[in-house]
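K.L.:
Pasting a structure below so you can have a look.
Right under this line is the structure:
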């Protein structure tokens, strides 16, 4: 019997793992594809469970991924002061986020597919955070001042960049969502941590992600 190289099998398995399930495709394409997807809330038990689930990578060149990206942007634009959103917040446990880039001229909204933080600075920021999925919850949180990020676009092109300040805070918040980490749970875990305070928060306290 002919042997199939292990790396080839691994590659095929990885591609299959990125493919969207039928229920995900149905949700992404439900209703008008040019409108916002509903934002999941922790006050709903089913939606809360989705928010706590681990997200997996997504095929960047799948047409359904492009639809998800577009509808997530509409979801973010439909909020009052939101500066970021992650796919679990619209019911899809896949690695897609939108972030408002306060580190760029015009503060544009940009999407990121399969984002990974490959490095974080030891120096931390302490500042206020809210969440689009957690009604009326705000608190102070520590975040790395500088991060190095890797991600791909809808063509599958890979990128790497250094991000700092308030925009780095948003990235860290949204990528936490991809690991099922909510700020309401995060507070308990960092009670015994101690960091140097750096003021990187320039947005108003109404900011939610």
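Residue numbers (our numbering): 449 to 657.
Ideal Cβ positions, reconstructed from N, Cα and C, are used throughout, including at glycine.
Going by DSSP, name the residue or residues bridged to residue 598.
P.N.:
564 and 608
K.L.:
Just curious, the alpha helix (DSSP H) that residue 617 is in, first and last residue?
P.N.:
613 to 626
K.L.:
Can you tell which of 548, 544 and 535 has the C-alpha that lies nearest to the C-alpha of residue 529?
P.N.:
For residue 529, the nearest C-alpha among the options comes from 548.
K.L.:
At a cut of 8 Å, does the region 543 to 557 reach the region 512 to 531 through at least three beta carbon pairs?
P.N.:
Contact holds: three or more Cβ-Cβ distances are below 8 Å.
K.L.:
Quick one: Cα of residue 617 to Cα of residue 505, how far?
P.N.:
22 Å
K.L.:
Return the CA-CA distance between residue 563 and residue 626, expressed in angstroms with no decimal places.
P.N.:
9 Å
K.L.:
Which residue marks the beginning of the alpha helix (DSSP H) containing residue 503, and which one marks its end?
P.N.:
Careful: residue 503 lies outside any alpha helix (DSSP H) and carries neither H nor E.
K.L.:
If we ignore side chains and look at the alpha-carbon of each, how far apart do residue 588 and residue 480 end up?
P.N.:
37 Å
K.L.:
Just how far apart, CA to CA, sit residue 544 and residue 494?
P.N.:
21 Å
K.L.:
Indicate whether the contact test is met: 3 or more Cβ pairs, each with one atom in the region 505 to 521 and one in the region 571 to 589, closer than 8 Å.
P.N.:
no
K.L.:
Using CA atoms only, rank isn't needed, just tell me which of 561, 597, 632 and 611 is closest to residue 586.
P.N.:
632
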